[in-house]
Amino acid sequence: MSVVDLTLYQQVSKYYPNGSLVKFLKGLSDAEAARLDTLKMMHEISKGMTYLHREGVLHGDLKVQVSQS
Numbered sequence: 098m099s100v101v102d103l104t105l106y107q108q109v110s111k112y113y114p115n116g117s118l119v120k121f122l123k124g125l126s127d128a129e130a131a132r133l134d135t136l137k138m139m140h141e142i143s144k145g146m147t148y149l150h151r152e153g154v155l156h157g158d159l160k161v162q163v164s165q166s
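Sequential numbering of the sequence shown, starting at 98, is according to this note's numbering.
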């Protein structure tokens with residue numbers, strides 16, 4: 098008798114159709130930036146990370162980049 102491990106591994110990798118999030122945000126016009134709900138965006142990102150962790154999905158680091166204006 099043999100043992101078969103059917104564990105499925107998944108990995109999420111970067112996909113930036115418009116560049117990084119920072120590049121995207123910097124490219125917004127003043128009017129677009131005014132309509133942007135950053136709190137909602139942060140909430141959606143955290144919900145996505147929670148989902149990935151719950152499903153056991155491997156992912157790269159999610160890091161905060163602090164602007165030095």
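Just so it is clear, CB atoms sit at the ideal spot from N, CA and C, and this is done for glycine as well.
#### Entry: Unbroken alpha helix (DSSP H) run spanning residue 113, endpoints
Neither: residue 113 is in no alpha helix (DSSP H) and is coded neither H nor E.
### Task
Please check the pair residue 173 and residue 133, which I expect to be a contact at CB under 8 Å, by giving their CB distance rounded to whole angstroms.
The structure shown does not extend to residue 173, since the chain is modelled only from 98 through 166, so no value can be given for it.
### Query
CB residue 106 to CB residue 136, shorter than 8 Å?
no
### Query
Helix, strand or coil for residue 133 per DSSP?
coil
### Query
Can you tell me whether DSSP reads residue 143 as helix, strand or coil?
Helix at residue 143.
### Query
DSSP on residue 119, reduced to helix/strand/coil?
helix
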